[in-house]
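Student: The numbers in my numbering rise by one with no breaks, and the one at position 80 of the sequence shown is 80. Cβ coordinates follow ideal geometry from the N, Cα and C atoms, glycine included. Since this is a predicted model, take the numbers as computed values, not measurements.
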Amino acid sequence: TVRESVKQDVTSSVRDSVKSELKSWASVAANPSKPTDAVVKKTVQKAVNSAMESDSRSKNLIMYGVKEQLSTEDLPTMVNEILQEVAYPVPEIMGACRVGVQKRGSSRPIKVTLFHAENVKNVLSKASKLRTAESPTIDFAKIYLA
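1) Can you tell me whether Glu92 is buried or exposed? The criterion is at least 16 other CB atoms within 10 Å of its CB, across all chains shown.
2) What three-state label does DSSP hand Arg104 in the structure shown?
3) So what does Leu145 bridge to, in DSSP terms?
4) In whole angstroms, give me the CA-to-CA distance for Tyr64 and Lys41.
5) Let's test the definition: count the other Cβ atoms within 10 Å of the Cβ of Asn119 and tell me whether it reaches 16, buried, or not, exposed.
6) Among Thr113, Val90, Ser106, Thr137, which residue has its Cα nearest to the Cα of Lys126?
7) With a 10 Å radius around its C-beta and 16 neighbouring C-beta atoms as the bar for buried, classify Ser107 as buried or exposed.
As structure tokens, this is what we get:
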């Protein structure tokens, strides 16, 4: 009958399609494509850059609430005084600079870069000591570390 004939044609067509697809998938599985040297180099470069950026950021410390009246030459000295109240021994400072746009009536944060990320962790863990510290020149109670 016509119905059986159509059924056989459809069945054989599906069977042939499945066989050809299985063969193509088998060939892909047997010969996986190898990434080119350029792709590998680019991927490694991204990973290295990401790791380096993360490492350099982990050495940064931000100080909020330090009065703006200081000149840029006095900034490392002020940062050192603040760190003396928090950490012993005082970690060596790689650099310190104000961040942001200067506005009248407010103080910009100070970005401090230390030589080791462990020093940053140590300072941050002892930052609460600033609340009880006293100094005639610095109001430690208004300074926050992040």
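Tutor: The structure says:
1) Exposed, since its Cβ has fewer than 16 Cβ neighbours within 10 Å.
2) Of the three classes helix, strand and coil, the one that applies to Arg104 here is coil, per DSSP.
3) Within the DSSP secondary-structure output, Leu145 pairs in a beta bridge with Met63.
4) If you take the alpha carbons of Tyr64 and Lys41, they lie about 41 Å apart.
5) Burial call: buried.
6) When C-alpha distances from Lys126 are compared across Thr113, Val90, Ser106, Thr137, the shortest belongs to Val90.
7) Counting Cβ neighbours within 10 Å, Ser107 comes out buried, since at least 16 surround it.
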